[in-house]
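As structure tokens, the structure follows; a few thoughts come after it.
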Amino acid sequence: MYSNLIIDLMQIIMLTISTVVVMMTTAFKRDHGLISGLTVFGLFASLLTFVFIQPVLPLEATQLLIIDEYSLFFSNLIIVGAIGVALLAYPYFQNHNVQNEEFYILLMTATLGAVVLACSNHFVSFLLGMEMMGVSLYAMIAYPVHAAKSAKFPLEAGVKYLILSALTSGITLFGIALVYAYIGTMGFDEIPAALEAAGELGPVFLIGVLMIVAGAAFKLSLVPFHIWTPDVYEGAPVPVTAFLATVSKAAMLAVTLRLLLVSNAIELNVVTTVLTVMAAASIIFGNLLALLQENVKRLFAYSSIAHLGYLLVIIIAAAKIPGTLSVEGVSFYMLAYFVMSLSGFAVISALSNSEKEYDQLADFRGLFWRNSWVSAVLITVLLSLAGIPLTAGFIGKFYIFTTGVESELWFLLTMLIIGSAIGLYYYLRLIYIMLQPAEDDTNDPAAVSLPLGVHAVMAAMTAAIIYLGVYPAPMIDTLQSLASAF
Amino acid sequence: MLDLLWLVPVIPFIGFLILTLTFGKLPQLAAGIVGAGSIGLSFVFAFLAGSSFLGAEISSYSQTLWTWMSVGDLEVGFTLYLDGVSLVMMYVITGIGFLIHVYATGYMSGDPSFARFFSYMNLFVSAMLILVLADNLALLFMGWEGVGLCSYLLIGFWYKDPNNGYCARKAFVMTRVGDAFMAIGLFTLFVSTGTLNIQEAMLEAEAQWVVGSGVATAVTLLLLGGAVGKSAQLPLQTWLPDAMAGPTPISALIHAATMVTAGVYLIARTHVLYLLAPEVQYLVGVIGAITLLMAGFTALTQSDIKKVLAFSTVSQIGYMFLALGVGAWSSAIFHLMTHAFFKALLFLTAGSIILAMHHEQDIFKMGGLRKDLRWSHALFLIGTLGLVAFPGFSGFFSKEEILASAMENHDGGYILYLAGLLGAVMTYLYSFRLYFLVFYGKKTHDGHEVMGLHLQGPLVLLAIGAVFAGFIHIPVEGVFPEMEEHHPSVMAQAAMILLPMLGGLLAWWVFVKGKVDTEKLAGQGFGAKLHRFWFTQWGMDWLYDKIIVTPYTWLAEVNKNDFIDSIYNGSARAVRFCHEVMSETQTGQLRWYAISIAYGLLLLVVLGVLL
Amino acid sequence: MEMPTVTMQVIPMEHGLLLAAILFIMGMVGVLTRRNLVFILMSLEIMLNATGLAFIVASSHWGQVDGQIMFLMILSLAAAEVAVALGLVLQLFQKRKTLDINVLGEMKG
Amino acid sequence: MILVWLITILFAGGIGAWLSEKRNPELPRVIALATILLDLFLVVLMLVAPGVLGLDSASQAELGQTGEWLILSSSEWIPRFGVAFIFGADGLGLLLITLTVFLGLMSLGSAWNEIKERTGFFYFNLLWTLAGVIGVFTALDLFLFFFFWEVMLIPMYFIIAIWGHENKEYAAMKFFIFTQVSGMLMLLAILMLVFFHYQSTGEFTFSYFDLLGTAIPDGFGFWVMLGFFIAFATKLPTVPFHNWLPDAHSQAPTPGSVILAGILLKTGAYGLIRFTIPLFPEVSADFAPTAMLLGVISILYTAKVAFSQNDLKRLIAYTSVSHMGFVMLGVYAWTSQGVQGAVMTMLAHGFSAAALFMLAGGLQHRIHTRQMDKMGGLWGVAPKMGFMAVFFTVAAVGMPGLGNFIGEFLVLLGSFRISIAAASLAAIGMVVAAVYSLIVIQKVFHGENKNNLVVEDLTTVEMICFGLMMIGLLWMGMYPQSMLNMSEPTLRSLGVLFFQ
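Residue numbers (the working numbering), protein chains in the order written: chain Y, 3 to 488; chain F, 15 to 625; chain V, 16 to 124; chain E, 5 to 504.
Following this line, the structure appears as structure tokens:
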């Protein structure tokens, strides 16, 4: 029993050990290459432990954490994301002469927090994971605060994220407190029984629920809690933006979906209504905001708002159709979105370093002819984000439509179509700019030869986008089995 | 030899292909030989097929080449059909066509686009033969459209002058208006009788339709629409005078002898349907009568030699329509044939005069040419006598038949007869006006007859035809219902012959003797107005321009940028505007961000509590 | 050391929660209205502490320790947050010579 | 399997062409030519002996199909949703595949000397578009169909966006958004259809054969049908969804216009015939008057707009819309003559429009303008071009003896049975077509050569292309029965009204 428990928690343990190792090594020898290598190695080792964990699933490791196929899937995803971020970070910080090594420690702790969040089955572990990730992120966002040219942006982004995130953490926590006050339990799977026992619940309880929803919505950057997204995306160093867009979103989504389904909150009329409004608003406003955006990182930020809005459609659908299909869809869409975002930020990262980020639309002019490989990756990503067949994004969109049709969410589907139509414009605009001949070739960021790591990330993610788009059947089978837990 | 019938339309088509695909590389002599020779060869085969048809003493012969379309209940074969009427037409087309081709080798010699000219001509003959030989209306329509196309191409043959292009387009579009009606007529006929085969459809119609029923009226009216378009009858006649912009042999072949008479052929071909719709048949006669008068008056005011002839053509086709209207089917075809001879002769001779006058077409700049242009004078006189139906000349026999039939016709034919008679007077008047103005009076310019076997040879042959064609018996008995023999009284016959001659006398009196100052008459007061009214074909061009052309071009110009487009562009602008409004919310101010989160929470709570 | 539990129980949970809510809103209003970064951080602390109070009230209502554990978690969270935040405060002051957060408005649109 | 090969060869050829550019920029076009010729060879084989190559009787039995399918194959793809690779070709499909490959060859001919820059990527896109189109014509799984429907757009977008003319950004964007948004509506409709099928049978499937005859709850049928209709009507296009077309056609490079006008538009018509009406027979019957009205409006309205254009390619583009109006009219008449006419119009318009765009493109390539008021009198300097222009214009006007006439004649005849008014109004299209077509000839080739334009006459490659298309149009016009016979079994099986 105990040994099983240890195997069960192996991933978290392994991550913790790696974190400590990285930290200790840093204390003795500051070497950027070594530390980043160690980080990647540690993350990789943690990832591989899933081979051992798989056979003992599912298992509840204390009240706080549950390790099942669902959480394992998201943990793996998170760790893959972290590896990607680490690979992108190395070239990015290479020319940054101040201490780079702490960044990897922060990355490790943030990853640990994210994994805990994805596995959490209790509000305490929820808080623990969320804040571990959050606090690490504050520092990560503001990390290159000393870098010469772009110093003010990381600071601004860090402060903004810190204050707003702390504000919403407070809101979430107060919401948890209210809920706890009325039902007397904080374990997710105990909530339905407690609700039953508590009988009719007043508005204060509902306010608590809504405050929790608001907190999750903030992390998922859903309208009306989206407003921090573009500034933080823009100000943060590219690898951190990638982390925010992928790991942070995946972890939060994993726990939110679990909470909604396990606690049956999704069946509350109030929750579905609020989610519907947020989904529609996110889809429309996110796309509208991105329309003429000149900064590619902000563009991705706004498009992430829209995409999370799309995702919400599948979640809302869970109120009417069996949760399994919804979980399957959410997992697939998240996977697809994860892969696309990582790939997209890898491209921006390939063009940037801590001294100068090439994130203006104009910087991409003629990229297709200067560096066709990098731009082909970005084109694939953009087409996938637009939901064009042959890419993972299409299968994702297919899931949204399928679940939407099955639960007859005609309003949201209409919004989805309108939003996607607007979305096409800015994705295509970026593609178009890349296809045009450059006005002058002097300012050519892609001329720098790139380290293997970035290429590896781009290649792996692009391959994943296309594989998932052309032959999704194996992945769908996997997701189907993990969803059976719900 | 009948099974060689298919060669008749095919040989000119091969000629067309040869001339076209060499893209003007062929030397002029070779092009001439191919161009005229193909028609000659076609005539030979037509003659062979025709004589064995006549020899076989059958009423009709049909030859199916292949199945053109077979869709559901629609069965259209690529089938040729020969009977008396199409035989006459085939002879006219290949025979007169051949003569005109030969003439054209002289007329067009030296033109840089010599081969192109003959390629179009050959295509025309081929299409015209398909028109008359078609056994079904779809195939007929193919020839019908084909001749229209060639007409367009040949009117605009000298493409450098934009006016020629305009005239060509006008001709094509106006006839196409008629064609659209005709197409609808075909559909109606098909839906009603289940076939497009002309003979079968007529049998079906006879069996099914009630005389004067709606469907009969509709079909015949629609077909009539096609016919008036092609044959330049009211109200679609205004294109024909403009069509004179083409080279003169074109005017002779297409706009006098063959294509413009296709409408007459169509109605004669489908006469059974018209018999089932007597009102429409009478309408055909009325249209003919009005057209022949209108064109006669207009011809009187024209100064361009070819336009006078063009209006005379309109007028003569009016006679044919009149004949159709009173049921004198064979007279119509008869007049068609004689008209082909004398009108082709007139046009070609006019062409010779124009050549001799160095491309001058204004008759007021001619005059006194009878000495200089002896050949032309003689030939033109023969043609004119044919046209005015001078006793003994070909036109006399056919026109007299028509007028006699009209007179004897019981239902309202009398009015038509009177119109025809008046028209005959007019014919004399304008024909001799033309003749006198060109060949008599004071000589202003010198003319030099251009001589050559290929010019005068065909003219002489046509002149022989113009004199003697009236004695030809056309073999149409089996095709049309028997007509009772007309025996108009001596008085009536005398009136028919003598009364029109007054017109000739008047012309002589005015234009040779100079007893009336025509310029003064037409230059002021009521005379001027009348002159203008006649000259502009009763203002119909003006009317069409005002009610169709101008509004359409205005509408097109107004909506040049497609207003539907602005709906889409407008919504794109609206989205852009929303974007701008939305991005105002991203102020970058942290406190506003915090407040927005608080508002967001409030919104959620309000929403939640309200529900 | 017996706690006078009887008197504790006469205060209904709602009252405790109301107090926590008032504190929470005060903190929130502080965050929204102050311009000085340090004051904002202080207001955040008030919010977090209000949350902690709510947990303790709930915890005693149910007679469980879960809420109190949560409070400890919140305390450590607040500490960690402030640690990072003060680092940023120092950076801000160093670079801009002010603590007014309105200067942090360069990214927008 | 041969159909899969047909598509795979194009995909592979595209990649090969792209990669070969590094070696030699002349190489891609040779590879593209070889690829298309290989496909053409396979197509000819299919035409001659369909059974020899690929009639997979096992899949046929599995799908429960008999008769009209000449080629059919099926294998799993995403079993979770009952999505499968089902490819099939019947007479209609085969006709359209032939058209596609043939016009692919033509567009290659027009690209041969015109595309000089980035040739590898160009031919990649060209071949991939063709592959997508063949996919559309052969896919019998609705998911697969949609997949190809979108696949053919992206390379086309690249063709317009990279090699297009002065206003390409706007045009490419418009093209993409119109087709994508309408495509999304279709996706929604497909999923609704699948869902309703699932509701009534408990089986998830996208197979065309299974979905035929799906019972749709009251009130939904119309909307589901509308999703399909809008997607196809946008592609066709018909007023009021036509606005992407004039921009896309006029801005695209010549080979792009050729493919757009010649092939891509036909996918819309194909969709209507194959999917919209057979899947929703009752609703479509109710909707038919509206659709026919839209067809008539398309014919007349765009003819009028075309008349006032000064941009040659834009004018031709509008005329395409006008001609496609006949297709809409004929299809929704749903009589044998109407639909056969629509099919013939699709084929013939493919040829005539492609040729006209090639001419316009060739002119633009030579004199660097598409504005007709800057042209004039070109007959004198380029008689071959003038002849071709007249020929194909005349074909487009609907001259009997050429393919377009057969199409329009049958459409009008077929729709006359259903609606006298619609057919009669559409017949006016014959007149206005003459008006706008002849103005082109007048403005470009006739008149005086005012600007002393020197235009090189058609090259050999161009003459070969035009010659082949001429022969094609003549064949269609004189012996349409050869094509009508091919499509007839298809139409019978789709339930078109045959009067006997």
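In this text, a Cβ means the ideal position worked out from N, Cα and C, and glycines have one as well.
None of the values given here were measured: they were computed from a predicted structure.
Checklist line | Nearest-angstrom beta carbon gap, Gly243 of chain F and Val191 of chain F [assumed within contact, 8 Å] | finding: 6 Å
Check: To the nearest whole angstrom, what separates the beta carbons of Lys270 of chain E and Gly354 of chain E, a pair I think is in contact under 8 Å?
Finding: 6 Å
Check: Quick one: which chain Y residues come within Cβ less than 8 Å of Phe199 of chain E?
Finding: Thr404, Val407, Glu408
Note to self: Our contact map puts Ala93 of chain E next to Ile75 of chain E with C-beta atoms below 8 Å; I'd like the distance itself, whole angstroms only.
What the structure shows: 5 Å
Note to self: Mapping the DSSP letters down to three states, classify Thr339 of chain E as helix, strand or coil.
What the structure shows: strand
Margin query: Between F:Tyr166, F:Tyr121, F:Tyr117, F:Leu151, which has its C-alpha nearest Leu137 of chain F's C-alpha?
Written below: F:Tyr166
Check: CA-CA distance, Met160 of chain E and Ala273 of chain E?
Finding: 19 Å
Check: Whose CA, out of Y:Leu114, Y:Tyr92, Y:Gln101, lies closest to the CA of Ile81 of chain Y?
Finding: Y:Leu114
Notebook entry, point to check: To which residues of the same chain is Ala566 of chain Y closer than 8 Å at the C-beta, ignoring the five residues directly before and after it?
Noted result: Residue 566 of chain Y is absent from the model: chain Y starts at 3 and stops at 488.
Margin query: To be precise: take each residue of the region 549–562 of chain F, compare its Cβ to all Cβ atoms of chain Y, and keep it if any distance is under 9 Å. Which residues remain?
Written below: none
Checklist line | Pro565 of chain F classed as buried or exposed, judged by whether at least 16 other C-beta atoms fall within 10 angstroms | finding: exposed
Check: For the 8 Å Cβ check, are there 3 or more pairs between the region 271–288 of chain Y and the region 191–207 of chain Y?
Finding: no
Margin query: Quick check on the burial criterion: 16 or more other C-beta atoms within 10 angstroms. Buried or exposed for Thr494 of chain E?
Written below: buried
Check: At which residues does the beta strand (DSSP E) containing Trp248 of chain E begin and terminate?
Finding: Premise fails: Trp248 of chain E lies in the alpha helix (DSSP H), 248–255, not in any beta strand (DSSP E).
Next item on the list: Using a cut-off of 8 Å between C-beta atoms, extract the partners of Leu467 of chain Y located in chain E.
Entry: Correcting the residue identity first, residue 467 of chain Y is Ile in this sequence and not Leu. Here the premise fails: no neighbours, minimum Cβ distance about 14 Å.
Checklist line | Assumed close pair Lys174 of chain F, Gly390 of chain E - CB separation to whole angstroms, cut-off 8 Å | finding: With a Cβ gap of about 13 Å, Lys174 of chain F and Gly390 of chain E do not count as contacting.
Check: Among the residues of its own chain, which have a CB less than 7 Å from the CB of Tyr429 of chain Y, if the five just before and after it don't count?
Finding: Leu384, Leu387, Ala388
Margin query: So, with DSSP's three-state summary, where would you put Gly199 of chain F?
Written below: helix
Check: So which of Y:Pro239, Y:Gly160, Y:Val24, Y:Leu291 has the shortest CA-CA distance to Phe591 of chain F?
Finding: Y:Leu291
Notebook entry, point to check: Which chain E residues sit within Cβ distance under 7 Å of Glu89 of chain F?
Noted result: Ordered by position in chain E, no residue passes the 7 Å Cβ test against Glu89 of chain F, which lies about 11 Å from the chain.
Next item on the list: Assign Ile26 of chain V to buried or exposed, taking buried as 16 or more other Cβ atoms, counted over all protein chains shown, within 10 Å of its Cβ.
Entry: exposed
Margin query: Closer than 7 Å between beta carbons: that is the criterion. Which residues of the region 253–279 of chain Y meet it against chain F?
Written below: Asn271, Val272, Thr275, Val276, Val279
Next item on the list: Please state if the CB of Ile28 of chain F and the CB of Ser65 of chain F are separated by a distance shorter than 8 Å.
Entry: no
Check: Is the CB of Tyr582 of chain F under 8 Å away from at least one CB in chain C?
Finding: Within the model displayed, chain C is absent; protein chains Y, F, V and E are what it includes.
Check: If you pair each beta-carbon of the region 34–54 of chain F with each one of the region 123–138 of chain F, do three or more pairs fall below 8 Å?
Finding: yes
Notebook entry, point to check: Are the region 144–157 of chain E and the region 361–373 of chain Y touching by the rule of at least three beta carbon pairs closer than 8 Å?
Noted result: no
Item checked: Straight-line Cα distance separating Asn117 of chain V from Arg111 of chain V -> 11 Å
Item checked: Rounded C-alpha distance that separates Ala116 of chain Y from Phe400 of chain Y -> 28 Å
Next item on the list: Spell out a yes or no on whether the region 15–24 of chain F and the region 118–131 of chain F are touching, meaning 3 or more CB-CB pairs, one atom from each, closer than 8 Å.
Entry: no
Next item on the list: Find out if the Cβ-Cβ distance for the pair Leu180 of chain Y, Phe220 of chain Y is shorter than 8 Å.
Entry: no
Note to self: Against chain V, does Gly288 of chain Y count as a neighbour if the rule is that its beta carbon must be under 8 Å from one of theirs?
What the structure shows: no
Check: What is the rounded straight-line gap between the Cα of Ala337 of chain F and the Cα of Gly240 of chain F?
Finding: 18 Å
Check: Looking only at its own chain, which residues have a Cβ that is under 7 Å from the Cβ of Phe409 of chain E, when we skip the five neighbours before and after it?
Finding: Gly402, Met403, Gly481
Check: Can you tell me whether Gln13 of chain Y is buried or exposed, with buried defined as 16 or more other CB within 10 angstroms of its CB?
Finding: buried
Notebook entry, point to check: Which residue's Cα is closest to the Cα of His593 of chain F: Y:Ile37, Y:Gly288, Y:Leu255?
Noted result: Y:Gly288
Check: Can Ser441 of chain E and Leu99 of chain E be called in contact, C-beta distance under 8 Å?
Finding: no
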